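Here's the structure we're looking at; comments come further down.
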Amino acid sequence: MARQALYKRRERLDEPGLLLAFGAANTDELAERALSARPGRAWCEVVQRTSVLEALEALPGARQRALERARAALRGEFDVFGTRVCFGEGQPVDWSRDPVSGYRYPVVPVERLRLAQPGVDPKYPWVLGRLDCLVALGQGYWVERDEEARRTFARAFVTRTLDFLQANPVGQGVHWTCAMEVALRAANLAQALVMFADAPEARRPEFLVPVLEALAEHTAWVEAHLEDHGAVPNNHLVSNYVGLLVAGLLFPELPDASRQVARAVAGLRAQMVAQVHAEGTSFEGSVPYHRLSVELFTLALVVARGQGVELGLRYEARLRRMYAASRAWSSEQGLAPQVGDNDSGRVFPFQERDPREQGYLAPLGAALFGLETLAEGSFPDEAAWLLGRSGLERFRSLPRARPAESVSFPAGGFHVLRGAGAVVTVSAGLQGQHGVGGHSHNDKLSFELHLGGRPVIVDPGTGTYTREPTVRNAFRSTAAHNTLQVDGQEQSPLDPNRLFALPEAARARVQVFQPGAELDRLTVRHDGYRSLASPVGVERTFVLDKRERALGVTDALVGVGLHDVVGRIHLPDREARLKAPTREELARALRVPAAPRSFASLGVELGPAESPVALVLFAEGLEPRLEPSRYSPGYGLVEPSQVVVFGVRVSPPAWLRWVVVFK
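Numbering (our numbering), first residue to last: 474 to 1136.
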């Protein structure tokens, strides 16, 4: 409240103040001081263009990918969580409209704006308002060879920027309701302006003056509305600091830049320790949000390094481990499991990526830090843009990393078994965000199975946040995960009025983690059903048998009373059918350690009928059935799928066993 009160009393930066800050006698000299007299070390500086282009030329299709992004931005075309909207080249953008519901947020002071509306999602207009479309136009300006086409991109940059600033006055409308969005917009605007520093269109006073004033207003707003006052600061606060750092380092002459940069540096150092476990996993309790955090901390490091600002050895060491963690759970196709929320968030989307994709992070980290333990796959577009030729040379000089191995991250609650072409990622840990669980799900002892890089058994994802609270909670529920549900109860109570809280109740933890050359064994348990009238404890053991190319699962229930127990196995599609096992499949399943002595007559075959990928066999008495379900591979995306359901009525102690045989 004090920060915001001081903000309201401050004098807004005007043209005379801007000239004074930059030491310019007039607006022509302002362009020279702001855009020409630059140190040239940040990735987006014009003098870095040759280095970036050389790196891009070494990547097949990279230049064309950049041009496609730029041309889409030129057309005013946006992919808003799978909904494509196009406003037309040179036409104004309807910045405040949610394209799914059609609702348009009024441009009124934020204190009078009602953000939560039934059936409406502010994240959709926020996607437009982050202005990464300006960076996309900058990509086109850099890679385009035709001078007239380059000028077209420059004119579009000017038009689109002024359109946003005029349509969204400071402190008014949906784009000023979240400091994270304001901060990321400031970072994108600052980087894009530097990319266009040699464009005559960007140097004109009628454009440059309001844009520099807008940067000052954005950073002042963020500083006054830092998101450090909630139950626990999270990725929003990191975004606040990244925006202050990037804008302040790229335009240090702005009146408050030195203070804001100092605050951001201190804040980022502190939040790296507070929000990233020593093992390298994000405290969010979400694998997709881990990707967002990696990009946030990386952008800060790259820009800070370029301007000679140190974020510290501890910061860099923990960021290295974040890259290693992402590599640990990414499949051969680069896809990561959807443990926890997935809002498809990115920070530097130089290339369009699947919301589940994280495979590009390891080679980016290898090039950034010169680490051979991350040197796998291809040099990504992101590394070419951020690190240029030197990053490419560093990556090429590294010996290839050894294949990723099984690993347990007890603090993050993620445990990965690898081998025989399989990646099994299990969720078993405390709720994220120090127990608040804002992006956690009731997924304890649940898992994802990827075979040959392809998701075969999946976490159904997130669906949406505030647009449909019932859908939000359905995707967070125990029934939406590959785990046991006892007596229809939730592992942890879901409060319908708290869409971003899931307090600790299950106390999931690891009992045994034993990786090996032929067998990986993981035993995990939770106490989510200890609160029942007849308490029950659940323990699940995974055995990845690399000899038989199979995954064995044993659920043990300990307690008292008679209970209805239902297990579920969620699939990414409708490509599954009941099928009797072959003699060879049955023999392999029986050889898996702790397999049942006999199996039900029908199992569930996964994958297309003409090229199946696995067969799930259940112990006799666990008769499986297929039911319709939903799969959300990214925020706002919901596709029809199937779920395998099996259940029994038991009196503990009891054991439920099943085996997945890989094709």
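Even for Gly, the Cβ is constructed at its ideal location relative to N, Cα and C. Since this is a predicted model, take the numbers as computed values, not measurements.
Which whole-angstrom value is the C-beta distance of residue i and residue j, which I expect to be below 8 angstroms?
i	j	result
residue 684	residue 517	Wrong, their Cβ atoms sit about 15 angstroms apart, outside the cutoff.
residue 1031	residue 1125	5 angstroms
residue 948	residue 961	17 angstroms between Cβ atoms; not a contact.
residue 899	residue 888	5 angstroms
residue 868	residue 840	4 angstroms
residue 1066	residue 1025	6 angstroms
residue 1111	residue 1036	The pair is not a contact, with the Cβ atoms about 32 angstroms apart (cut-off 8 angstroms).
residue 641	residue 607	Actually they do not touch by this definition, with Cβ atoms about 14 angstroms apart.
residue 1169	residue 963	The requested residue 1169 does not occur in the structure, where the chain is confined to residues 474 to 1136.
residue 754	residue 798	5 angstroms
residue 1058	residue 905	38 angstroms between Cβ atoms; not a contact.
residue 691	residue 655	6 angstroms
residue 998	residue 1011	6 angstroms
residue 728	residue 689	7 angstroms
residue 967	residue 890	Contact flag wrong, Cβ pair sits at about 29 angstroms.
residue 531	residue 865	6 angstroms
Quick check: residue i and residue j, are their CB atoms within less than 7 angstroms of each other?
i	j	result
residue 1028	residue 1013	yes
residue 593	residue 619	no
residue 695	residue 760	no
residue 929	residue 1087	yes
residue 791	residue 820	no
residue 785	residue 742	yes
residue 854	residue 659	no
residue 1023	residue 1134	yes
residue 1075	residue 1049	no
residue 977	residue 1020	no
residue 1051	residue 1072	no
residue 788	residue 834	no
residue 894	residue 922	no
residue 828	residue 850	no
residue 1097	residue 1119	yes
residue 803	residue 708	no
residue 830	residue 807	yes
residue 717	residue 737	yes
residue 638	residue 712	no
residue 421	residue 627	This structure does not reach residue 421, given that the chain is present from 474 up to 1136, and the question cannot be answered.
residue 589	residue 937	no
residue 886	residue 902	yes
residue 714	residue 740	yes
DSSP puts residue i in a beta bridge; with which residues?
i	result
residue 557	552
residue 922	897, 930
residue 890	897
residue 1104	1112
residue 1120	1039
residue 1129	1028
residue 1134	1023, 1088
residue 1099	1117
residue 749	755
residue 881	888
residue 572	None, per the DSSP bridge assignment.
residue 577	570
residue 470	The shown model of the chain, from 474 to 1136, leaves out residue 470, and the question about it has no answer.
Completely contained alpha helix (DSSP H) runs for the stretch 624–706, where each covers 4 or more residues: Whole alpha helix (DSSP H) segments, 4+ residues: 652–668, 673–676, 678–697.
Entirely enclosed alpha helix (DSSP H) segments - the stretch 1009–1080, minimum 4 residues: 1056–1064
Three or more C-beta pairs below 8 angstroms linking the stretch 983–994 and the stretch 880–888: yes
Inter-stretch contact (C-beta, 8 angstroms, three-pair minimum) for the stretch 647–655 and the stretch 582–592: yes
Inter-stretch contact (C-beta, 8 angstroms, three-pair minimum) for the stretch 517–529 and the stretch 855–863: Contact check between the stretch 517–529 and the stretch 855–863: three or more CB pairs, one atom from each, fall below 8 angstroms, which counts as touching.
The stretch 867–877 in contact with the stretch 840–850 per 3-pair CB rule at 8 angstroms: yes
Inside the stretch 790–865 only - beta strand (DSSP E) runs reaching at least 3 residues: none
Any alpha helix (DSSP H) of 4 or more consecutive residues that is wholly inside the stretch 512–548: 522–530, 535–547
Beta strand (DSSP E) segments (min. 3 residues) lying fully within the stretch 934–1000: 957–959, 982–987, 992–999
Cβ contact check for the stretch 953–971 and the stretch 914–923: 3 or more pairs under 8 angstroms: yes
Inter-stretch contact at 8 angstroms, needing at least 3 Cβ pairs: the stretch 1032–1052 / the stretch 1089–1106: Of all C-beta pairs linking the stretch 1032–1052 to the stretch 1089–1106, three or more are shorter than 8 angstroms, placing the two stretches in contact.
The stretch 627–647 in contact with the stretch 558–574 per 3-pair CB rule at 8 angstroms: Yes, they touch.
Segment contact, 8 angstroms Cβ cut-off, at least three pairs: the stretch 542–555 with the stretch 594–605: yes
Cβ pair count under 8 angstroms reaching 3, the stretch 534–545 against the stretch 607–626: yes
The stretch 671–681 in contact with the stretch 498–517 per 3-pair CB rule at 8 angstroms: yes
Stretch pair the stretch 771–789 + the stretch 719–729: three plus CB contacts closer than 8 angstroms: With a cut-off of 8 angstroms, the stretch 719–729 and the stretch 771–789 count as touching, because enough Cβ pairs lie within range.
The stretch 787–803 / the stretch 764–776 touching (three or more Cβ pairs under 8 angstroms): yes
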